[in-house]
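Presented below is the structure to which this report refers.
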Amino acid sequence: MKIKLIAEPESPHVDLVAVHGLCESSSETWTNPQKHKPWLRDPVLFPYHTLRTRVLSFEYDPSRFTIPGRGGTISNGILDLATNLIAELDSHRQANDGAEDAQRPIIFICHGFGGLLVKRALALSWSKTKSGVSHLRAIYISTYGILFMGTPHNGLDETLILNSGIERYPGPSQFMLNLLTGSDTIKEITDLFAPLAKRFAIYNFWEGIEAFFDDQAQKPVYIVDALSAAPVWEQVDKCAIMANHSGMVKFSKKSDAGYTVVYQALEKYIKAAPRVISRRWEQEMERVIAERKQEADDLLQEIPGPPQTQAIDPYINVHYMVHRCSSSYFVGRTGQADKVKELFGDITTNPRSKHKILVIHGLGGSGKTQFSLKYIENNRHRYWGIFWIDCSNESTAEKGFASLGENAQKASSLEAGMHWLSNQSTSWLLVLDNADDPEMDLPRYFPAGGNGHILVTTRNPGVRIHNTVGYLKFQGMDPEEAITLLLKLAYPENEPKFPPAPQNRKIAEGIASELGYLALALTHAGATIRQNIFTLERYLKYYLGHRRNMIRSRSVNSCTDANIISTWEIPFERIASKNSLAHKDAVELIQLFAFMHFDSIPEQLLQRSSDGIRKSTTPLAIYPAILKVKSMWNEDSQIRFRLAMNVLYDHSIIDNDHEKKVCSLHPVVHRWARDRLNDTQQKDWLGCASSILAHSISSNFEMSERKFRKQLLPHISCCISALKDMYGSLPNTIEQATELEKFALVYAENGQWKHAKPLQEKVVKFRVKVLGNQHHSTLQGQRNLANMHWDLFEVQQALQLQSQILRAQWRSRPSIFSWIKYPVNPIHTSYCVALDEFTRTLWLSGQREISRQTGQRAVYGLTKVLGYDDPQSLNAMFNLARTYLHLGEFEKSQELLAQVVQKREHWFGKEHPDTLMARNEQAMISVILKQDLVIAEREISDVLKARKETLGEEHAYTLWSVNDLSKVYCATGRWDEAVKDLQEILPVVARTLGETHVGMIMTKSNLARAYIGCNKWNDARKIIQPLLSEVPSRHPDWFHINHEYINILMHLDETDEAERSCNSVLDNLIRYSTFGLTHPYTLAIAKKLEKIYHTQERYEDSDKLIQRFPSLEKSPHSNENLPSNSDLLPGTTSISTLTNRKIYHSKTF
């Protein structure tokens, strides 16, 4: 690469720089075969003396880039060329003419690829603003105009590239592939040059005659068509030249096509350039002076002082939540690792410091994830905690943060994990991997506080805007490191004893360059050679052919993907050609994995699904052969599965974590495993994946398998997404409805109601249409949907569905005997279970009298048919006991709860979630009655401890226990302790449940009561007053909040407001018949109003009040201060996360 002098006049005013393309050398490009010198040196065709223009050419060897295996990828090659162009041109101008003449105006004339090179060089020159390299900016400042002669601004046609040199080489070089239309390289050059284009005078020319691209071409084509050579740019001249691509820059006489317009453009630019460039240099000098002055001022303003931050010693790493380790074959990128460490800087203890966010973006397969894994392993000692989050989609990101919360014994939720991390003062590193989705709200996953470093890996360059300390762009590896990696993988037995033979290193250099120096592609290539599928010498030939075919496939998005996929397709085709059982199973497994999430696929999946599939009526033909055997999964099945997995692992198609018993695929490979299948195959394997996922989920949803089901969440989401893309509306079959229902239940079990409910609604709608309202599957689907409404506190929807189910179950009798013996109130199990669930929702809605009636019937029927030990009977007994409790029938409630607790402890254990629920209720009765408070406190404390350990500190039921414990403190006069605990959880409740959630209402109400005990009446009023509008006025609990509020008003002597509140409450109770005229709650409010009248000597009003409420005269005075019932969050037979909903549920305050 060099600058060559073509022609030079005396005292030149302008430099004309010619840059050739890839098809010819510099002398061939500008020289007509009929002449022996370039037309730019011909004084007749280009009078350089008269124009006072020096003619230079930039020369390089194009074969290095066009011949496969010669080295130099486009990602490095064009940048290297551009760097050399500005460096050589700047030094040539300064060496020959001195610094003053180095400001001479420049005009470029470029042929073909030469135009792309000049565009990249000018963008590079523009960026050289720092003092050490600012001399290279002279090329950008001095450039006035550019003549683009057949430059492929939008890239070259695919057919042209793929068919070129097909007789000599199996496929085009990596460099040529990256010149394809729409390639990342073309886009990058366009994006870099676009902001600079208006600064230059530009003339775009395109060829008007077709030509043969090479000797093997069968018909002439436009090498660079008009759309690519002359795109629509503002204020840019353009013109066609009636010559072919090569001939458009070879003038032998003035009458040649295009000569006149080209010469006149050059002449015009040469005359205008000196004045314009002189002014630009004046402006540049002013900019440099101002910039240097600002730097000096900044230095002067830096006043030494005590350090605000203090570097800390290395930590003992406590938390290391990383899903896998780095590859043992990882090499290189030490420079980037040092750069990351430098950008993050010292780990400090400054509490005011903000997060340091560093972004690594680059091509898929460039090694971003492996680099990050290696970096955290090498720097583990620097951080108290390191946390890895898969951000490939929202579901996996939320699951990752939920795992953080769960690991910290908080709630298993995104908010809990984020809050916990935000409040850690010790240093941590958070890796957000695969944050590629441009629609993802990435800042949502940046913790609000904490002493943290955040490392983001992404293929999306737009993510760079989130960095606070810098970003790195990953493309190919360093060439030497790439060659070392390839040989290390291909010949592991030689490492580290024997260095590779020189000829092997030369061959590896060619392979590495064609793979774009991409780490993942090199890994697959090394595995192919290691497995003796192809030798090192033969690999490149076969690879080039495969890559050409891959690019022709519409499913391949880019040449980068083609590089990776081709290296994967070669070993996969070899695996598919083998007849052994292990190889056949391996092919089927990878096709199955293609429709799950690419990361952490559980190895237990097939084993857990095998029994269900064996019993299923679905044809076995849709399943992998390993699942078609009639016997149960046994040791032989496991060995067979392991052999198939080993085949995939040995060929580097999957990563296998033996400790966690999961496997993973690279995202690019995962996508290709799906895209390589035709439409029919995709439909079959998607159905297979969905069925296997569903069959791996037990219909009984045993607690022991809950952790496994949670593992399935990203795979369920991936599968559902693919089903929607393929079918549009879901479900389409009865079997598919069954599968989707299981997926919905897994979502619900993990508190993902926004995913669960819509899915279950579709299942119910389909079953009603296909099976009818009375079918047992329809009814079961409606039950599940009603439970989802219940947990979302959508009470009316739940009641409506459960009413339908009750009617259907009432009509659906097990026998004629049931109609004869129980014509009105049947007792068959399905009816009584529905009645129990209806009881629970009636309690939730505040309809407690009806809830008592239905609950008694449910208990009677279930205990008569199933006995008292059956879990369904115990559920009904528990729900009835809770209704009794809220109706003030404490003895009945105590009696039932004692039985439930005793039997659940016996069958389930003391710390089963359902047992904890019953134990808590039983203890709260003692608190209400102020009996055995020491025992009650111990019991509630035990429940709280168990819930913290099993559910986490921020789970809704744990917060419930904190509220209940605060009531014990209040009952024993320890008001300050109650205030302290409730104040501590208030922000937790706000964050996890929301300001308007019933849990927040409960907590604030209890806190208000504790404030009253501390004589902080104004604080109590401030916190309870907003609650008056939060609870529906028809709900019984609206009374309890108002009762407390009236107490506060009367204590503060705000009798007018207290009187208005009393009248409002009494009117409301009568209007909605919430309580009767003689009910103690009604009389308690009336008694307060009577007291106000007596205090103000308003005896006439008092008499009218007694006439309105005759029982008031007989009512004891103590009724005005009723004991508060317990504040109980709803209990379910299976613990479920409470979500933020404004709908209020049955609580008494």
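One gets my numbering by counting positions in the sequence shown from 1 and adding 316 to each. For glycine and all other residues, C-beta sits at the position ideal for the given N, C-alpha and C.
- The continuous stretches of beta strand (DSSP E) do not include A510, and DSSP gives it neither H nor E.
- According to DSSP, K672 shares a beta bridge with H769.
- Rounded to the nearest whole angstrom, the CA to CA distance from L1039 to I929 is 20 angstroms.
- Exclusion of the five residues before and after V1381 leaves N1358, I1401 as the residues of its chain whose Cβ lies within less than 6 angstroms of its Cβ.
- Non-local beta-carbon contacts of Y1409 in its own chain, meaning distances under 8 angstroms to residues more than five positions away in sequence, involve Y1415, D1417, S1418, L1421 in chain order.
- Taking a cut-off of 8 angstroms on C-beta distances, the stretch 443-459 does not touch the stretch 358-370, as fewer than three cross pairs fall below it.
- Residue burial is scored here from C-beta neighbours: V634 has fewer than 16 other C-beta atoms within 10 angstroms and is therefore classed as exposed.
- Taken in chain order, the whole alpha helix (DSSP H) runs of length 4 or more contained in the stretch 1326-1407 are 1333-1340, 1352-1367, 1371-1387.
- Counted as a single uninterrupted DSSP element, the beta strand (DSSP E) harbouring I557 occupies residues 553-557.
- Cβ contact annotation for L432 (same chain, cutoff 6 angstroms, sequence separation greater than five): I505, in chain order.
- Residue burial is scored here from C-beta neighbours: D1185 has fewer than 16 other C-beta atoms within 10 angstroms and is therefore classed as exposed.
- Per DSSP, the continuous alpha helix (DSSP H) segment holding G1097 begins and ends at 1092-1107.
- Secondary structure of E1077 (DSSP, three-state): helix.
- At the C-beta level, A546 and F521 come within 9 angstroms of one another.
- Judged by DSSP in its simplified three-state form, D757 adopts coil rather than helix or strand.
- In the three-state DSSP reduction, L1302 falls in the helix class (H, G or I).
- Every alpha helix (DSSP H) of 4 residues or more that sits fully in the stretch 426-485 is shown, in chain order, as 429-442, 454-458, 474-479.
- Within its own chain, the residues whose Cβ lies closer than 6 angstroms to the Cβ of V1217, once the five positions on either side in sequence are excluded, are A1234, R1235, Q1238, listed in chain order.
- Assignment of R370 by DSSP, reduced to helix, strand and coil, places it in the strand class.
- With fewer than 16 other CB atoms across the displayed protein chains lying within 10 angstroms of its CB, G1392 is exposed.
- Below 8 angstroms, too few C-beta pairs join the stretch 460-471 and the stretch 734-745 to call them touching: fewer than three.
- Beta-bridge pairing by DSSP links L788 to I676.
- In this structure A1174 is in contact with L1151, their Cβ atoms being roughly 4 angstroms apart against a cut-off of 8 angstroms.
- Rounded to whole angstroms, Q954 and Q1052 show a C-alpha spacing of 28 angstroms.
- Classified as exposed, H974 has fewer than 16 neighbouring CB atoms from the shown chains inside 10 Å of its CB.
- For the stretch 1228-1309, the full-length alpha helix (DSSP H) segments reaching 4 residues or more read 1229-1245, 1249-1266, 1272-1287, 1291-1308 along the chain.
- Its Cα nearest to that of L897, the residue R958 stands out among R958, L856, Y855, D915.
- For A439, same chain residues with a beta-carbon under 6 angstroms away, outside a window of 5 residues either side, are L508, F509 in chain order.
- 9 angstroms or more divides the Cβ of I891 from the Cβ of V779.
- Around the beta-carbon of G1088, fewer than 16 other beta-carbon atoms lie within 10 Å, marking it exposed.
- With 16 or more other CB atoms across the displayed protein chains lying within 10 angstroms of its CB, Y939 is buried.
- Its Cα nearest to that of E474, the residue M492 stands out among P486, A323, M492.
- When secondary structure is reduced to three states using DSSP, D927 falls in the helix class.
- Counting the other Cβ atoms within 10 Å of the Cβ of E755 gives fewer than 16, which makes it exposed.
- Annotated three-state conformation of L496 is strand, per DSSP.
- With fewer than 16 other Cβ atoms inside 10 Å of its own Cβ, F1133 counts as exposed.
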